[in-house]
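*Asks:* After the structure tokens below, expect a handful of questions from me.
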Amino acid sequence: MPVLSEPDIEKILAVLRRFSQYEPQSAPQKVPAYEAVAATKLREFDQSNEPITLLLPAFPWKNPNTDKVLGGSPDLGEELGLARLDHLCEELGRIYAHGAHLILVSDGPVYNDLLGIPDTDYFEYGVQLRDLARREGLSHIKFVRLVDVLDLGNGDAMSRGEHLSMAETCRREMERRFLSSNFSVQGEVRAHPDTALTYQKYLKSAHEDLCWGPEVNPAIKQDAAKYETETEWIAERMTQRLLAYEKALEHKFPRVIRLSIHRSTGKNKISVPLIPQPGGFGLTPWHSAPLVTAQGEFRARPSSELRDPRKYEIVEQNGKPYFVREKNPDFDWPEYVKIHHKYGGRIILENTSEDESKKRPTDELELKLANLALRPGGLEVRGFKV
């Protein structure tokens, strides 16, 4: 039996607004156009006693461009992005009795071959993301692969080798099913502002990143004219694949509220920045390095901007770079004290020493502890006697 009132629907839309960000329009609207679609979907979920289902295609692979990222594995950026999506579902569940969950479809195999990225890269990245979500307890996110979208197999049951052997089949089948013979990328770009925004993003990314693709022909990398021509062709092909992919998602998931991590006008989807930034939409975790500022706030920056050892330090997790932190005396603690930066800006200060004499902080450390407690996200202390 339906339980959502119109005020409840407005509260849910307000939550979605709080997590979203849109491009300014020449004719300002009070609310994004897609909200009317979302409201209809909410009523359908309610009438069927179903949870709110959000759909997001994202998290393809870690960019190999070392001027942008810290390394090839998920880091604090991915952790923050996934945590924000999980938090969105939690907030929706506070209003809607049947809860909410998010279907996250990796779009790695949609584009990786165009940019010279091996199939193994997107597959391993997806495995690591799943491990991260389990470790962090992000229970509202369900991971899905392209093979599931196209009903060509059960992604959870398939082996690594089976997935990789199906990659090219998935790409070919997606375009065969969902693109018409008279399709024109430039026609779509001219007709649809959101497609134009995405095309420009792809053009910029291809120009910056194609030279880093392990499987790109060296002759293209070494010839400026060929490189320029290739990046334009790739941007068109990526846009073409995107539109086929969008149709495949619509066909597989007709009853969802659609999210995007790309800038948009809010006409066809809800644009959600994964790591919100002051004054802009922000970079995605797979195209940037996570920076923790001296105040404990999060920024997504090109790694090339964070290499000054006088200003920044690289913090590792399990032997791999996990984030960059702005140097500050409050972050200088003995080796047995670990500092964890979590979603929302929360700082966890963990004393790992078994020595009882080290459980009680010195006066100097107590002052640092008090300073950390003043950071906006708050402080959690573990293993200390204070």
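Just so you know, we're using this note's numbering here: the sequence shown kicks off at 1478 and counts up by one.
Glycine is no exception: its CB is placed at the ideal position from the N, C-alpha and C atoms.
1) Going by DSSP, name the residue or residues bridged to Val1582.
2) When the Cβ atoms of the segment 1587 to 1598 are set against those of the segment 1536 to 1553, are three or more pairs found closer than 8 Å?
3) Flag this pair as touching only if the segment 1542 to 1555 and the segment 1764 to 1782 have three or more C-beta atom pairs under 8 Å; answer yes or no.
4) Using the Cα positions of Gly1860 and Lys1835, report the straight-line distance between them to the nearest angstrom.
5) Could you tell me if Ala1504 is buried or exposed, where buried requires 16 or more neighbouring beta carbons within 10 angstroms of its beta carbon?
6) Decide if the segment 1674 to 1688 is in contact with the segment 1638 to 1650; the criterion is three or more beta carbon pairs, one per stretch, under 8 Å apart.
7) Glu1709: buried (16+ other C-beta within 10 angstroms of its C-beta) or exposed?
8) Go to Glu1803, then tell me how far its beta strand (DSSP E) extends in each direction, as first and last residue.
9) Can you grab the Cα-Cα spacing for the pair Leu1736 / Leu1531, in whole Å?
10) Taking contact to mean 3 or more Cβ pairs, one atom from each stretch, closer than 8 Å, check whether the segment 1557 to 1564 and the segment 1599 to 1616 are in contact.
11) Among residues of its own chain, excluding the 5 on either side of Glu1645, which ones have a beta-carbon nearer than 6 Å to its beta-carbon?
12) Could you work out which residue in Ser1497, Lys1845, Arg1740 and Ser1657 is closest to Ala1673 when comparing CA atoms only?
13) Assuming contact is defined by CB atoms lying nearer than 9 Å, are Lys1703 and Ile1697 in contact in what I supplied?
14) With DSSP as the reference, label Ile1594 as helix, strand or coil.
15) So if DSSP puts Phe1758 in a beta bridge, which residue, or which two residues, is it bridged to?
*Replies:* On the basis of the coordinates in this document:
1) Reading the sequence shown from its first residue, position 105 is the one you call residue 1582. Bridge pairing for Val1582: Pro1534 and Val1621 [DSSP].
2) At 8 Å Cβ cutoff, the stretches touch.
3) Three or more pairs of CB atoms, one per stretch, sit closer than 8 Å, so the segment 1542 to 1555 contacts the segment 1764 to 1782.
4) Residue mapping note: residue 1860 aligns to position 383 of the sequence shown, counting from 1. Residue mapping note: residue 1835 aligns to position 358 of the sequence shown, counting from 1. Going from the Cα of Gly1860 to the Cα of Lys1835 covers about 10 Å.
5) For the purposes of this step, residue 1504 is taken as the residue at position 27 of the sequence shown. Note that Ala1504 has pLDDT 49, beneath the 50 cutoff, so the model's placement of it is unreliable and no number is given.
6) The way I'd put it, the segment 1674 to 1688 doesn't touch the segment 1638 to 1650; fewer than three beta-carbon pairs between them come closer than 8 Å.
7) In the sequence shown, residue 1709 corresponds to position 232, counting from 1. Classification for Glu1709: exposed.
8) As a working note, residue 1803 is residue 326 in the sequence shown. Lys1797 to Glu1803 is the extent of the beta strand (DSSP E) around Glu1803.
9) Translated into positions along the sequence shown, residue 1736 becomes position 259. Translated into positions along the sequence shown, residue 1531 becomes position 54. A straight-line Cα-Cα distance of about 7 Å links Leu1736 and Leu1531.
10) These segments touch.
11) Residue 1645 sits at position 168 when you count from the first residue of the sequence shown. Closer than 6 Å at Cβ, skipping near neighbours: no residue.
12) Within the sequence shown, the letter at position 196 stands for residue 1673. The shortest CA-to-CA distance from Ala1673 to any of Ser1497, Lys1845, Arg1740 and Ser1657 is the one to Arg1740.
13) Within the sequence shown, residue 1703 is the residue found at index 226, counting from 1. Within the sequence shown, residue 1697 is the residue found at index 220, counting from 1. Taking 9 Å as the Cβ cut-off, Lys1703 and Ile1697 qualify as a contacting pair.
14) For the purposes of this step, residue 1594 is taken as residue 117 along the sequence shown, with counting starting at 1. Coil at Ile1594, not helix or strand.
15) Against the sequence shown, residue 1758 aligns to sequence position 281. DSSP output for Phe1758 lists no bridge partner at all.
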